[in-house]
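J.: First the structure, which I've put down as structure tokens, then a few questions once you've had a look.
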Amino acid sequence: MPGNPQPRNRQPTVRSGNEPCSAPAMDPAGGGAWAHSRAALDRLEKLLRCSRCTNILREPVCLGGCEHIFCSNCVSDCIGTECPVCYTPAWIQDVKINRQLDSMIQLYSKLRNLLHDNKLSGVKACLRRKVCEQEEKYEIPEGPQRSRLNREQLLPKLFDGCYFYLGGTFKHHPKDNLIKLVTAGGGQILSRKPKSDSDVTQTINTVAYHARPDSDQRFCTQYIIYEDLSNYRPERVRQGKVWMAPSSWFIDCVMSFELLPLDN
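Going by this note's numbering, the first residue of the sequence shown is number 60, and it counts up by one from there.
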């Protein structure tokens, strides 16, 4: 018959659409596609470093008048003055958090844990063994792990017994989000600012379970939270059961699942 001749001894390959594809080949030596991905991630890391401390950005801030980006804590002394790199004036109204970059940094951290972990990551293990592995063996340590164990052991929630008063305006950490985190962590929101010199306040008989046991912070149960980058600066309070704390400290506590020490 006319037409192109078919090669002999070659059987057509037919695969059902429901049949799972074979797992991608994993290079034990770390080469191939994984090596290229790690190299690309290293290049990305250089773009995600603070222009002042050169570490990976934490809460990236643009000062408004230039293209330099910093960790929010690195330029707290520069707001209202000038950029510490190019000396462009930095007006308070121009200071803003780069939320898209912040999301990218979080994604970068997850990818780095996946590609650079010395141990076999959970995703790699599933691909290699073609079965679903237990998450606990590959979970992120510290905060996430403490949170899981705390829940499994039915221990008090992170902010159990703690009260929070949110003072001033909140733009970087929206107040609604902070309230949700407080309630999810077992804490309560105060509608009025607590008075450190009140006998009623100081005689509340509760202890912060997740504070370090050797710290006087375990007796603190009422926090006045303010936003670091706002103009609002409440009078410093650190007396008995009432302490003042920045919103960045509160977020760090959530991330680490621990009531972290506050600077004096």
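Think of the CB as a built atom: it goes at the ideal place given N, C-alpha and C, for glycine as much as any other residue.
Out of curiosity, what's the CA-to-CA distance linking Val144 and Cys221?
T.: The sequence position of residue 144 within the sequence shown is 85, counting from 1. The sequence position of residue 221 within the sequence shown is 162, counting from 1. Rounded to the nearest angstrom, the two C-alpha atoms are 41 angstroms apart.
J.: Could you have a look at Trp302 and say whether DSSP puts it in helix, strand or coil?
T.: By 1-based counting over the sequence shown, the position of residue 302 is 243. In the structure shown, Trp302 sits in a strand (DSSP, three-state: E or B).
J.: Starting from the C-beta of Arg251, find all residues in its chain whose C-beta is less than 8 angstroms away, skip the five residues before and the five after it, and write them out in chain order.
T.: Residue numbering aside, residue 251 sits at position 192 when the sequence shown is read from its first letter. Same-chain partners within the cutoff: Tyr224.
J.: Please name the residue or residues paired with Ala270 in a DSSP beta bridge.
T.: Reading the sequence shown from its first residue, position 211 is the one you call residue 270. Paired residues: Leu318.
J.: Could you pull the start and end residues of the beta strand (DSSP E) that Ile128 belongs to?
T.: Your numbering for residue 128 matches position 69 in the sequence shown. Its beta strand (DSSP E) spans residues Ile128 to Cys130.
J.: Measure the CB-CB distance between Cys142 and Cys112 and report whether it falls below 8 angstroms.
T.: Indexing the sequence shown from 1 puts residue 142 at position 83. Indexing the sequence shown from 1 puts residue 112 at position 53. Going by C-beta atoms, Cys142 is not nearer than 8 angstroms to Cys112.
J.: Taking DSSP's pairing of strands, which residues face Cys121 in a bridge?
T.: Numbered from 1 along the sequence shown, position 62 holds the residue referred to as residue 121. In DSSP, Cys121 forms a bridge with Ile128 and Lys155.
J.: How long is the line joining the alpha carbons of Arg205 and Pro272, rounded to whole angstroms?
T.: Sequence index remark: in the sequence shown, residue 205 carries index 146 (1-based). Sequence index remark: in the sequence shown, residue 272 carries index 213 (1-based). Roughly 16 angstroms between the two C-alpha positions.
J.: Rounded to whole angstroms, what's the CA-CA distance from Phe229 to Tyr285? Just pull it up for me.
T.: Stepping through the sequence shown from its first residue, residue 229 is reached at position 170. Stepping through the sequence shown from its first residue, residue 285 is reached at position 226. If I take the Cα positions, the gap works out to 8 angstroms.
J.: Hey, how far is the Cα of Cys130 from the Cα of Leu186?
T.: Along the sequence shown, one-based indexing puts residue 130 at 71. Along the sequence shown, one-based indexing puts residue 186 at 127. C-alpha separation (whole angstroms): 37 angstroms.
J.: Does the distance from the C-beta atom of Leu268 to that of Pro305 stay below 8 angstroms?
T.: Counted from its first residue, the sequence shown places residue 268 at position 209. Counted from its first residue, the sequence shown places residue 305 at position 246. Note that residue 268 is Tyr in the sequence shown, not Leu. The answer is no: Cβ separation not under 8 angstroms.
J.: Would you grab the beta carbon distance between Pro119 and Ile156 for me? Rounded to a whole angstrom, and I think it's under 8 angstroms.
T.: Taking the sequence shown and counting its residues from 1, one reaches residue 119 at position 60. Taking the sequence shown and counting its residues from 1, one reaches residue 156 at position 97. Contact holds; Cβ gap of about 7 angstroms.
J.: Could you pull the start and end residues of the beta strand (DSSP E) that Leu225 belongs to?
T.: Here residue 225 is taken as the residue at index 166 of the sequence shown, counted from 1. Here the beta strand (DSSP E) through Leu225 covers Tyr222 to Leu225.
J.: State the DSSP-derived secondary structure class of Glu141, mapped to helix, strand or coil.
T.: In the sequence shown, counting from the first residue as 1, residue 141 sits at position 82. Looking at Glu141 - three-state DSSP - the assignment turns out to be strand.
J.: Please determine, among Gly299, Phe218 and Leu103, the residue with the shortest C-alpha to C-alpha distance to Leu166.
T.: Residue 166 sits at position 107 when you count from the first residue of the sequence shown. Among Gly299, Phe218 and Leu103, the Cα nearest to that of Leu166 is on Leu103.
J.: Distance, Cα to Cα, Gly246 vs Ile115?
T.: Numbered from its first residue, the sequence shown carries residue 246 at position 187. Numbered from its first residue, the sequence shown carries residue 115 at position 56. Approximately 31 angstroms, taken between the alpha carbons.
J.: Note down, in chain order, each residue of its chain lying with its Cβ closer than 6 angstroms to the Cβ of Pro87, except the 5 sequence neighbours on either side.
T.: Within the sequence shown, the letter at position 28 stands for residue 87. Note that Pro87 scores a pLDDT of 41, beneath 50, so its modelled location is shaky and nothing firm can be said.
J.: Measure the Cβ-Cβ separation of Val241 and Phe218 and say whether it is below 8 angstroms.
T.: Within the sequence shown, the letter at position 182 stands for residue 241. Within the sequence shown, the letter at position 159 stands for residue 218. Against a cut-off of 8 angstroms, the Cβ pair of Phe218 and Val241 comes out as a contact.
J.: What are the boundary residues of the alpha helix (DSSP H) that includes Ile115?
T.: Counted from its first residue, the sequence shown places residue 115 at position 56. First-last for Ile115: undefined, no H or E at that position.
J.: Apart from the five residues just before and just after Leu321, which ones in its own chain have a Cβ nearer than 7 angstroms to its Cβ?
T.: By 1-based counting over the sequence shown, the position of residue 321 is 262. Cβ neighbours of Leu321 beyond the five flanking positions: Gln276, Trp302, Ala304 and Trp308.
J.: Look at Leu237 and Ala270 and say whether their C-beta atoms are less than 8 angstroms apart.
T.: The sequence position of residue 237 within the sequence shown is 178, counting from 1. The sequence position of residue 270 within the sequence shown is 211, counting from 1. Their beta carbons are not under 8 angstroms apart, which means Leu237 does not touch Ala270 by this criterion.
J.: Thinking just about the alpha-carbon of each residue, which of Leu107, Leu288, Gly227 and Val313 is nearest to the one in Gln159?
T.: One-based indexing of the sequence shown puts residue 159 at position 100. Of Leu107, Leu288, Gly227 and Val313, the residue nearest in Cα terms is Leu107.
J.: Select from Lys254, Ser162 and Gln212 the residue whose C-alpha is nearest the C-alpha of Lys300.
T.: What you label residue 300 is simply residue 241 of the sequence shown in a count that begins at 1. Nearest option by C-alpha distance: Lys254.
J.: Tell me, please, which residues DSSP counts as bridged to Arg297.
T.: Reading the sequence shown from its first residue, position 238 is the one you call residue 297. Beta-bridge pairing links Arg297 to Trp302.
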